[in-house]
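Per this note's numbering, residue 85 is the first one in the sequence shown, and the count goes up by one each step. For glycine and all other residues, C-beta sits at the position ideal for the given N, C-alpha and C. One structure below.
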Amino acid sequence: MRPKKTLLSSGYFFVHNLIGGYHSWGLARLLVLIGLGICLSMIWGGVLERETLSLLTERYKALPIIRWLPNPISMLLLTPFHWASLRFYLLPIFTFILAWLLCARYLQDIYNLPSLKACLRYLFACLFGMGYPTLTIAAAEENEKPVDSSYLPDIGGPGYLEIRSGYAVAVSSPQATSNIYGEGLHFLQRGEKVEEIADLNDQTDRIEAVSAFTHEGVAIRLSDIHFGYRLKTTPAIDAKSREKATKPYLFSTHALRYLLQSRVVTEQGLTDWRMMVKGMIRSTISDFIYQHTVRELLKPPADYNPYADLKKLFQSRAFRERLRKMGTELLWINLGLFDLEKEAYKQALLETWQPQTALPQTISEPSRGDNFPDQDETNLARFQLIEELLQRLDQNPAGEDPLKTIRYYLRSISHPTNPSVSDQE
């Protein structure tokens with residue numbers, strides 16, 4: 085019973101690799117196709133040129149091999165030596181070339197490729213296991229010649245994937261989860277395609293400005309934000325060992341899978357890693373600004389530092405857990421300065437807070453001509469109104485709705501003789 089099972093498994097292995105194997109199995113497929121084409125041509129020639137081949141067989145009857153073989157087989161073997169039968173050998177060749185071109189045109193259409201050459205090479209590599217291209221993942225160098233990757237970026241394997249030091253690649257597979265590859269030379273099977281390329285080096289980026297509204301509805305801007313991040317590593321590596329490392333950095337395969345799963349689809353396509361980290365930092369700063377007042381951000385009390393409080397928020401466990409689910413860890417962050425969104429309002433608002441103190445030039449740009457209140461008294465009145473409204477909100481009792489306080493205060497200004505307003509005050 086066991087030899088029978090072994091024979092069946094060996095037969096299945098042979099047929100399976102003959103149909104879909106790589107490398108040397110492609111050469112075996114080539115030999116099978118050539119043999120099949122010759123056999124069909126001999127059969128067509130033997131049937132359609134039977135009378136001529138019979139005379140040819142009688143002529144070469146003196147040969148031992150012709151005399152020993154049956155007459156039909158002798159006629160088939162003599163078809164290559166008959167000029168009229170040679171045309172039947174061209175039929176399989178033209179059929180194969182036509183099928184090859186039609187299949188390549190179909191691939192070009194479904195993958196929307198600009199050239200037919202890559203599709204022809206893809207079919208040749210799949211059928212005969214030869215001419216595999218190589219896709220290199222590395223930093224771009226000026227004098228380095230580009231390696232021919234042909235169809236690999238668009239269609240996928242079969243082919244070779246060469247990953248240089250400092251990079252990791254996630255390869256999608258149609259029948260399993262994505263495979264994660266580090267430095268080295270890897271072979272991509274049919275259907276496997278590069279899905280994500282992660283740079284294992286420390287990344288730095290910059291956000292020019294983040295604008296949001298405070299709790300009172302005033303637009304505040306935090307400008308010039310610099311930060312560093314990287315793909316989460318495991319086990320933890322300190323900075324000294326990373327600087328001395330000559331081999332590929334250790335990285336977490338789970339982190340790269342988290343990065344793939346957390347990507348967002350927009351109108352422009354999949355969001356890349358850099359934009360995802362920027363978006364998370366922007367949303368954290370916007371939430372922080374909304375939870376504070378203008379005075380707390382621009383003129384904080386002596387015992388409160390909004391910049392230190394915001395940095396603690398980026399170092400908190402909740403924020404790091406959000407980054408971990410994206411496969412990222414934040415290394416450092418440097419914050420700029422809080423400022424009003426509209427430049428024209430800064431001078432009047434700061435003079436309202438400190439009317440006897442000159443405005444520092446690091447906070448506001450020098451004005452053109454005269455001072456701003458002399459140019460537009462209406463805007464100064466608005467800022468004074470905002471200042472008085474902020475003071476009234478600071479005196480608001482706990483538990484009372486701030487919207488009601490704002491409504492009563494504005495009504496008392498517009499209708500100072502209204503008794504209902506005076507009662508609320």
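Close Cβ partners of residue i (< 8 Å) along its chain, the five nearest in sequence each way excluded
i, result
"arginine 366", "Ile291 and Val294"
"leucine 102", "Trp109, Ala112, Arg113 and Val116"
"isoleucine 304", "Ser295, Ala296, Phe297, Thr298, Ile373, Val378, Leu381, Leu382, Phe422, Asp423, Leu424 and Glu425"
"glutamate 191", "A quick correction: the sequence has leucine, not glutamate, at residue 191. So the qualifying residues of the chain are Leu197, Cys203, Tyr206, Leu207 and Ile239."
"serine 336", "Leu315, Lys316, Thr317, Thr318 and Gly411"
"arginine 396", "Per the sequence shown, residue 396 should be read as lysine rather than arginine. So the list is empty, once near-sequence residues are dropped."
"tyrosine 106", "Gly213, Pro242, Phe271 and Gln273"
Proximity winner among the options, relative to residue i (alpha-carbon distances)
i, options, result
"isoleucine 247", "Leu269, Arg408, Asn263 and Ala254", "Leu269"
"leucine 334", "Lys316, Val361, His100 and Trp184", "Lys316"
"isoleucine 264", "Thr218, Leu306, Met159 and Arg341", "Arg341"
"threonine 163", "Gly121, Arg408 and Gly129", "Gly129"
"glycine 121", "His107, Arg171 and Phe398", "Arg171"
"leucine 174", "Met126, Arg143 and Phe208", "Met126"
"tryptophan 416", "Gly250, Gly353, Arg358 and His310", "His310"
"glutamate 267", "His166, Tyr206, Phe97 and Leu284", "Leu284"
"lysine 362", "Gly250, Thr288, Leu186 and His338", "Thr288"
"serine 307", "Asp387, Leu419, Ser496 and Met214", "Leu419"
"tryptophan 368", "Asp393, Pro217 and Leu185", "Note on residue identity: the sequence assigns threonine, not tryptophan, to residue 368. Nearest option by C-alpha distance: Asp393."
"alanine 209", "Leu161, Gly104 and Trp152", "Gly104"
"leucine 245", "Arg358, Thr218, Ile470 and Tyr251", "Thr218"
"serine 158", "Lys396, Trp167, Thr141 and Lys488", "Thr141"
"leucine 272", "Gly241, Tyr251 and Thr355", "Gly241"
"alanine 223", "Tyr313, Ala252 and Gly275", "Ala252"
"isoleucine 213", "Ala188, Ser234, Gly243 and Thr220", "What sits at residue 213 in the sequence shown is glycine, not isoleucine. Glycine 213 has its Cα closest to that of Gly243, out of Ala188, Ser234, Gly243 and Thr220."
"alanine 254", "Ala188, Ile221, Tyr235 and Gln352", "Ile221"
"glycine 312", "Phe398, Ser169 and Ile470", "Phe398"
"serine 169", "Arg401, Thr136, Tyr144 and Leu147", "Thr136"
Element boundaries [alpha helix (DSSP H), containing residue i]
i, result
"lysine 152", "Note on residue identity: the sequence assigns tryptophan, not lysine, to residue 152. Run containing tryptophan 152: 148-152, per the alpha helix (DSSP H) assignment."
"alanine 402", "401-408"
"glutamate 380", "378-382"
"arginine 135", "The displayed chain sequence assigns glutamate, not arginine, to residue 135. Start and end: 134-143."
"asparagine 155", "155-161"
"isoleucine 177", "171-195"
"aspartate 283", "From DSSP, aspartate 283 is part of no alpha helix (DSSP H) but of the beta strand (DSSP E) over 277-283."
"tyrosine 235", "Taken as a continuous stretch (DSSP letters only), tyrosine 235 belongs to no alpha helix (DSSP H), as it is neither H nor E."
"tyrosine 391", "390-398"
"tyrosine 206", "201-212"
Strand pairing of residue i, partner residues [DSSP]
i, result
"isoleucine 118", "Its beta-bridge partners do not exist; DSSP assigns none."
"asparagine 263", "Val255"
"valine 294", "Leu306"
"isoleucine 221", "Ile247"
"leucine 315", "Thr412"
"valine 349", "Leu354"
"glycine 241", "Arg274"
Spatial neighbours of residue i in its chain, beta-carbon cut-off 6 Å, leaving aside the 5 residues before and after
i, result
"glutamate 226", "Bear in mind that a pLDDT of 48 at glutamate 226, under 50, signals an unreliable position, so the model cannot answer this."
"valine 302", "Val378"
"glutamate 276", "Gly240, Gly241, Val255 and Ser257"
First through last residue of the beta strand (DSSP E) which encompasses residue i
i, result
"lysine 512", "Any answer about residue 512 is impossible in this case: the structure gives the chain only from 85 up to 509."
"phenylalanine 271", "268-272"
Residues of its chain near residue i, where Cβ-Cβ distance is below 7 Å and the 5 sequence neighbours each way are ignored
i, result
"histidine 41", "No statement about residue 41 is possible, as the shown extent of the chain runs from 85 to 509 and does not include it."
"tyrosine 195", "Asp238 and Ile239"
Heavy atom of the ligand ZN within 8 Å of residue i beta-carbon
i, result
"leucine 174", "Summarising the ligand content, the structure contains no ligands, and the ligand ZN is consequently not present."
Residue i at chain B interface by Cβ criterion, 9 Å
i, result
"serine 199", "No chain B appears in the structure shown, which is made up of a single protein chain."
Could you say if the segment 267-287 and the segment 337-356 meet the contact criterion of at least three C-beta pairs nearer than 8 Å? Yes, they touch.
Tell me, please, whether the segment 190-201 touches the segment 251-267 by the rule of three or more beta-carbon pairs shorter than 8 Å. With contact defined as three or more Cβ pairs closer than 8 Å, the segment 190-201 and the segment 251-267 are not in contact.
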